[in-house]
Amino acid sequence: MTCEEARALLLDARRGRLSAGMQAALDAHLAGCAACAHENAADALLGEALEGRLPQHAAPLALKRRLAASWSAGDALPSPPPVARPTAPSSARAAWGARWRRAVVPALAAAVLVLALVPLYYRQAGDGGAGMVTEAVNDHLRLLTAQHPLDIESGGIHQVKPWFEGRLDFAPVVRFEGDADFPLRGGAIGYYLDRKAAVFVFNRRLHVVTLLVFPAQGLPWPRRGLERIGPVEAQVTASRGFNTILWREGDLGYALVSDVDRTDLLALLGKLAASS
Amino acid sequence: MESERADAAALGREALAYADTLYNLARYLTRSPTDAEDLVQETYARALSAAHQFTPGTNLKAWLFRILRNTFLSHHRHERHNPTVGGLDTVVAVAPSPESARWLRGDVELDRLRKVVGEEIERALESLSEEARIVILLDLEGLTEVEVAQVVGCAVGTVKSRLARARAALREKLRDYAP
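Order-wise, the sequence lines are chains A and B.
Residue 27 in this note's numbering sits at position 24 of the first sequence, and the numbers go up by one each step.
Residue 850 in this note's numbering sits at position 168 of the second sequence, and the numbers go up by one each step.
Okay, here's the thing in structure tokens:
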């Protein structure tokens, strides 16, 4: 294998796209070629920097509202073919009425769709959980805008978790160590409503996922709209463009917040709940 | 007509979930929050009017990216004087200077890449050509090379080489931020 051939395979190799034979050939080349090994290391570090440190810009809320409203208005639909209605040619008033109906009825229908869809897209949490969801999103936003969001950079969960000892009056139970899909970036001490919280920060590609762990007692936990997800009952909501999952296990409460897709967040919940 | 309306509403809800992702791409393409908002809004308007052309079951995210990219190109052709544009597909790679090659090979590059901060990566990325930026960002969004090829309208092999060249160019740019 030449250096040129090897370098063309480096990214595919790191993403596990090579056949076993190709991978073995590449490994053999890298073992004997310092220049290509350096290229591989440098490109891997570049990938880490891009995935973990490149700032992500979330769409402004006002823009999201405009988008939701415009789509809900149903402008995408082809105009319905004009319906031939028998109108008396001599009746200007009847013709005006027909024109009015053609103009106003679709507008009213669009308004109804806006009223129905916008709250769906921006629905808030149910009764008890609304304040908790708001607080979780606020904590996530504070973390995103902080200059130094992490008190402890991740060297793995076994480095992050012990760091909390002596800093909290409870032990956060998080056994999921992070993986290739959700690497653990690190942790920090935060505040959730009236109490301290352990903050774990994961990544999903370029997106930041915040996990808050805090004592569950005395909080207005939601009782409606709970979904059974693996071993836990959780409330999954979308608020201000962020997906949030609230659940409790024993004495501890958990809030997972991010702008990643709901399915991605549920996948992380599955990993956290299965290992805790 | 009712089922079409329901389909469009469902598509709309799904499409809106990608607002952040599209805006992020738009920010890095336009380098301006205001222009990015305009670009995303026009992207959704175009998607809205072409909703009936979307094939259910295909990749909605890639479809929206394609619309955004085409919209961007149609409005920002004047920016295409960047000398890096077009260079990504050239057959003969531009050889780095001896000093650059030494730096790229040396451990100093690895140290620098370990310490580079988000703002520096952002600036370096924004200094690349739109072609380089888009392949890097689409790749980061998890699109496969086939999907990236569909978005940018080229062959899969071209995507692979563009991505490699774009990443190499980014590494070279990050050198400028070395302390």
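Positions of the beta carbon are idealized from the N, C-alpha and C atoms, including for glycine.
Bear in mind the structure is a predicted one, so any value in this text is a computation, not a measurement.
Strand pairing of Q238 of chain A, partner residues [DSSP]: Per DSSP, the beta bridge partners of Q238 of chain A are A:L229 and A:L249.
Anticipated Cβ contact below 8 angstroms, V833 of chain B with L820 of chain B, distance rounded: Contact holds; Cβ gap of about 6 angstroms.
The region 742-753 of chain B / the region 827-842 of chain B touching (three or more Cβ pairs under 8 angstroms): Segments in contact, yes.
CA nearest to the CA of P186 of chain A, picked from A:G169, A:F205, A:V176 and A:G193: Looking from the CA of P186 of chain A, the closest CA among A:G169, A:F205, A:V176 and A:G193 belongs to A:F205.
Bounding residues of the alpha helix (DSSP H) (the contiguous stretch that carries H60 of chain A): In the DSSP assignment, H60 of chain A falls outside any alpha helix (DSSP H) and carries neither an H nor an E.
Alpha-carbon to alpha-carbon, H757 of chain B and H734 of chain B: Their Cα atoms are separated by approximately 24 angstroms.
L33 of chain A and A11 of chain A closer than 8 angstroms at C-beta: At the C-beta level, L33 of chain A and A11 of chain A stay beyond 8 angstroms of one another.
Beta-carbon separation (whole angstroms), I3 of chain A vs L259 of chain A, contact threshold 8 angstroms: Because chain A here runs from 4 to 279, residue 3 of chain A falls outside it and cannot be looked at.
Rounded Cβ spacing between W74 of chain A and G132 of chain A (contact assumed at less than 8 angstroms): Taking C-beta atoms under 8 angstroms as the contact rule, W74 of chain A and G132 of chain A fail to qualify, at a distance of about 27 angstroms.
Assigned exposure category for S22 of chain A - 16 Cβ within 10 Å defines buried: That one is exposed.
Neighbouring residues, chain B, relative to D254 of chain A (Cβ below 7 angstroms): Neighbours of D254 of chain A in chain B, taken as residues at a C-beta separation under 7 angstroms, are lacking, since the least C-beta distance is about 34 angstroms.
Cβ neighbour criterion (16 or more within 10 Å) applied to V776 of chain B: Caution applies to V776 of chain B, whose pLDDT of 45 falls short of 50 and renders its modelled position unreliable; the value that the coordinates give is listed next. Flag for V776 of chain B reads exposed.
Nearest neighbour of M4 of chain A, chosen from A:H151, A:Y257 and A:A27 [CA to CA]: Comparing Cα-Cα distances from M4 of chain A to each of A:H151, A:Y257 and A:A27, the minimum goes to A:A27.
Reduced DSSP category for G35 of chain A - H, G, I as helix; E, B as strand; rest coil: Collapsing the DSSP output to three states places G35 of chain A in a helix.
Whether G221 of chain A touches V202 of chain A by CB criterion (8 angstroms): Against a cut-off of 8 angstroms, the Cβ pair of V202 of chain A and G221 of chain A comes out as no contact.
Selection of the region 139-150 of chain A by Cβ proximity to chain B, strictly under 7 angstroms: Those would be none; no residue qualifies.
S714 of chain B in three-state terms, based on DSSP: Reduced to three states, the DSSP call for S714 of chain B is coil.
Three or more C-beta pairs below 8 angstroms linking the region 790-802 of chain B and the region 38-52 of chain A: Counting Cβ pairs under 8 angstroms, three or more are found: they touch.
Reduced DSSP secondary structure (H/G/I, E/B, other) of A175 of chain A: Note that residue 175 of chain A is Pro in the sequence shown here, rather than Ala. In the three-state scheme derived from DSSP, where H, G and I count as helix and E and B as strand, P175 of chain A is classed as coil.
Extent of the continuous alpha helix (DSSP H) to which P165 of chain A belongs: Residues I160 to W166.
Within chain A, partners of D858 of chain B - CB distance below 8 angstroms: Those within 8 angstroms of D858 of chain B in chain A number zero; the least Cβ separation is about 15 angstroms.
Residue burial classification, S866 of chain B (beta-carbon count within 10 angstroms, cutoff 16): Residue coverage of chain B in this structure runs from 683 to 861, which leaves residue 866 of chain B outside it and unanswerable.
Burial state of R815 of chain B (16 or more Cβ within 10 Å): Sixteen is the threshold: when 16 or more other Cβ atoms of the shown chains lie within 10 Å of the Cβ of R815 of chain B, as they do, the residue is buried.
Buried or exposed (CB count within 10 angstroms, at least 16 for buried), L275 of chain A: With 16 or more other Cβ atoms from the protein chains shown falling within 10 Å of its own Cβ, L275 of chain A counts as buried.
Where N741 of chain B sits in the DSSP three-state scheme: If DSSP states are grouped into helix, strand and coil, N741 of chain B belongs with coil.
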